[in-house]
Structure formats: structure tokens, C-alpha cells
Amino acid sequence: MRDLMGMMKQAKELQERMQQMQAELEQVEVEGASGGGLVSVRVTAKGECKAVRIDPSLAKPEEVEILEDLLVAALADARVKAERVMQEKMQSLTGGLALPPGMKLF
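Going by our numbering, the sequence shown wraps up at 131, each residue one higher than the last.
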């Protein structure tokens, strides 16, 4: 019974740390870029887009399709970086706790 109480306490502590990490992730921002920096986006580690910057040289009607492709690429770059930040935070949170593959805690 004592082991069960200890496990329950650890689970509660982990849950509290996860909630704290969630709040921190809302504050962490990463930048994704494409087109050699002509298009960049800034997103939170949770994936919320905060800003888009487009070099004025791309604002030509005949360049719209290229601009759209670059924006998609910049968002993809930012998403990869945000996921990396989340994984790093999760590893530090779980302290090496082995979780089953594909299991997400949030």
C-alpha cells in the first residue's frame, strides 16, 4: 500500500510539472524561415503562429505562388523547431522516465 501511495504522489507531482511546462511552452517562441530568409514565421512551442515576415521583394503579383510555397515551408520549419523544443522540455520533465513509443502526455 505504501508503494501505491508513493506512486500516486509521484504521478501528482508529474502532473503539476507538466502543467507548469505547458505554461512555459506558451511563452517559448521559435522562428522558421524559407527562401534564404525571405519568408519567416514566429510560432510558440505549442504551434501558435505569432508573426509572419515577408521580404517586400516577394510582393509582386506574379510571385504570389512562390510566396505561398515559401510561407508553407517556413511554417513547416517552425513546426519542426517547436516540436524539438517540446521534446527537450519533456525529456527534462520526465527525467529519463521511459514512456511507451508514441505516448504523449499532453
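Glycine residues also receive a C-beta, built at the ideal position from the N, C-alpha and C atoms.
Straight across, the Cα-Cα distance linking V66 with E87 is about 22 angstroms.
According to the DSSP assignment, A76 belongs to the beta strand (DSSP E) that extends over C74 to I79.
By the Cβ-count criterion, A48 is exposed, with fewer than 16 other Cβ atoms from all chains shown falling within 10 Å of its own Cβ.
The stretch 38 to 111 is shown to contain whole beta strand (DSSP E) runs of 3 or more residues at 54 to 59, 64 to 69 and 74 to 79, in chain order. For G61 and D80, the gap between their C-alpha atoms comes out near 11 angstroms. Residue environment analysis places L29 among the exposed positions, since fewer than 16 neighbouring C-beta atoms fall within 10 angstroms of its C-beta. If you ignore the 5 residues before and after A99, its C-beta comes within less than 7 angstroms of the C-beta of G57, A58, S59, V64, S65 and V66, all in its own chain and listed in chain order. M111 sits buried, since 16 or more C-beta atoms from the chains shown fall within 10 Å of its C-beta. Under the three-state reduction of DSSP output, G120 falls in the coil class, being neither helix nor strand.
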